[in-house]
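Following: one structure in structure tokens, then a few remarks.
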Amino acid sequence: QDYRVFLATAPAAGGPSTPLTAFQSETPSWSWDGRQVAFTFGSWRHVTDDFHYPDIAQHIGVVDADADPPRTSPDRVIRRSYSEDQ
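Pasting the structure below:
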């Protein structure tokens with residue numbers, strides 16, 4: 024299994040999206056003032072087992088909501104996972 028997930032913003036009225044990140048990043052959460060986005064990021068290495076659950080290294084990072092050009096890494100890392108087993 025191979026896939027890539029990035030963060031982007033899109034106008035509520037419609038129109039093209041604007042990428043915020045250019046690396047594996049997901050589960051965004053906006054700051055209260057709308058100036059930053061926190062998210063999880065990291066590598067997904069699929070391991071086939073009875074539950075078909077991926078082996079994950081997930082970290083928490085932040086980027087500015089007006090990131091231009093799209094970030095290739097977080098502006099700030101809040102928390103790193105200890106291992107791929109979380």
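Each residue of the sequence shown is one higher than the one before, starting from 24 at the first, in the numbering used here. From the three backbone atoms N, C-alpha and C, an ideal C-beta is built for every residue, glycine too.
Note the first and the last residue of the continuous beta strand (DSSP E) segment covering residue i.
i: D98; result: Per DSSP, D98 belongs to no beta strand (DSSP E) and is neither H nor E.
i: D87; result: H82 to D87
Determine which residues share a DSSP beta bridge with residue i and list them.
i: V60; result: W53 and V86
i: P39; result: P39 is not bridged to any residue.
i: A20; result: This structure leaves residue 20 out entirely; the chain is present only between 24 and 109.
Quick one: what's got a C-beta closer than 7 angstroms to residue i's C-beta in the same chain, skipping five residues either side?
i: V44; result: Position check: residue 44 holds Thr in this sequence, whereas Val was assumed. Counting only Cβ-Cβ distances below 7 angstroms, and skipping sequence neighbours, we find F29, L30, V86, P93 and R94.
i: S96; result: F46
If you drop the 5 nearest sequence neighbours on each side, which residues of the same chain put their C-beta closer than 6 angstroms to that of residue i?
i: P34; result: none
i: G37; result: none
i: A61; result: S52 and V85
i: D73; result: Only weak support exists for where D73 lies, its pLDDT of 48 falling under 50; the value from the coordinates is given anyway. Once the five neighbours on either side are set aside, D73 has no close Cβ partner at all.
i: T32; result: T41
Looking at C-alpha atoms only, which residue of the options is the closest neighbour of residue i?
i: R58; options: T50, I101, T41 and A90; result: A90
i: W55; options: V100, A88, R102 and R99; result: A88
i: T50; options: T63, V100 and R27; result: T63
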